[in-house]
Amino acid sequence: MLATTPVRDDDRLTPPIRRYLRWLVVSMSMYASLLVTSLFALRAVPAEALVLRAAFGLLPVLPLLILIWAFARYIREADEMQRQIELQAVALAAMATGIGFMVAGFLASAGVFALKGELVAILVLPTLFGTYGLAKAVVARSYAG
Amino acid sequence: MNPFIDMVRFTPNEKRYYRNSIAPTVAFLAVMAGSAMLVREYRDEWPFEVLAGLALLPVLPMVWIIKIYIDYFRDCDEWEKLIEIYGIAIGVLLVGMAYFALGLLGLFQLVVLDGTLLAYGMLPAVMLVYTLGKVVGRWRHG
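Protein chains in written order, with our numbering: chain A, 1 to 145; chain B, 1001 to 1142.
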């Protein structure tokens, strides 16, 4: 939702989309800079200072919260049709991602492959964004037809 | 209108949905337990493909549950559909965010994470938070 541009049939950017895109650029720039800051800071913070390490480790979450807020605002301001498309795409992406991760869990428990915890946790959001993009194309097409 | 009280006042469509969900949920639990038992028991004896097939068996009742949910969704009116989608959207965004935060903590070795458990837990976590999302949706669009 967050990482793809909302599609309009007439290719014009409405004010809600423009506002959303502005926040998308701001939050993604913040995310990149905070991630780098966090990585450098963690090198300097001693291993015993757990709270400080956790605080630096969680820094990149802040811009993502801003992004979700911007998306929620965009959904509120979008017209009925656009809102329906966005929300249906999120719902489809949620189901596909949830089932995908569950299948991976089943296979890992059977010893087919091993899953690294941090990798699974980090990958949920990007997988969701990716499937959202695909789902949105499908939903938008169904409305256009 | 109280979004919390309305959550437990069921429409005929909701009642039908909950009734129809019982069989696949029981099937899911039974298949899951059976599959886990067999995989654990015969991990070293049966071929890899059979084990993978057994591990994926619980996906079938899960697809059945989703089919029943889609039928329920189709029978919802426009307002109910919006609330359902709101619930899913809020649920998945909150869970995705929580997973991301956990992932960062794991990546920086501040917590130890079990990948299999996390992969298993994602869908149930979304389903739990979805209920909260529905309350928010009812409150906003009541």
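Beta carbons: idealized from backbone N, C-alpha and C, even for Gly.
Is the CB of residue i under 8 angstroms away from at least one CB in chain B?
i         : result
Pro46(A)  : no
Gly105(A) : yes
Ile66(A)  : no
Glu77(A)  : no
Ala91(A)  : yes
Ser109(A) : yes
Ala70(A)  : no
Gln88(A)  : yes
Met95(A)  : yes
DSSP on residue i, reduced to helix/strand/coil?
i          : result
Asp1114(B) : strand
Gly111(A)  : coil
Thr1011(B) : coil
Thr97(A)   : helix
Leu1123(B) : helix
Asp1077(B) : coil
Taking 8 angstroms as the threshold (beta carbon to beta carbon), is residue i in contact with chain A?
i          : result
Gly1106(B) : yes
Tyr1042(B) : no
Tyr1120(B) : yes
Pro1058(B) : yes
Thr1116(B) : yes
Ile1065(B) : no
Met1062(B) : yes
Leu1029(B) : no
Gly1133(B) : no
Leu1128(B) : no
Gly1103(B) : yes
Val1136(B) : no
Ala1052(B) : yes
Just grab the DSSP bridge partners of residue i for me.
i         : result
Lys116(A) : Asp1114(B)
Notebook entry, point to check: Between the region 28 to 60 of chain A and chain B, which residues of the former have CB atoms less than 7 angstroms from a CB of the latter, in chain order?
Noted result: Leu42, Leu50, Arg53, Ala54, Gly57, Leu58 and Pro60
Notebook entry, point to check: In the region 1031 to 1073 of chain B, which residue ranges form an unbroken alpha helix (DSSP H) of at least 4 residues, counting only runs that do not cross its ends?
Noted result: 1048 to 1056
Next item on the list: Below 8 angstroms between beta carbons is the criterion; list the residues of the region 1069 to 1099 of chain B that meet it against any residue of chain A, in chain order.
Entry: Leu1082, Glu1084, Ile1085, Tyr1086, Ile1088, Ala1089, Gly1091, Val1092, Leu1093, Val1095, Gly1096, Met1097 and Tyr1099
Next item on the list: Return the chain-ordered ranges of every alpha helix (DSSP H) run that is complete within the region 31 to 95 of chain A and spans a minimum of 4 residues.
Entry: 50 to 57 and 61 to 77
Notebook entry, point to check: At a Cβ cut of 8 angstroms, what residues of the region 111 to 128 of chain A count as close to chain B, listed as they run along the chain?
Noted result: Gly111, Val112, Ala114, Leu115, Lys116, Gly117, Glu118, Leu119, Val120, Ala121, Ile122, Leu123, Val124, Leu125 and Leu128
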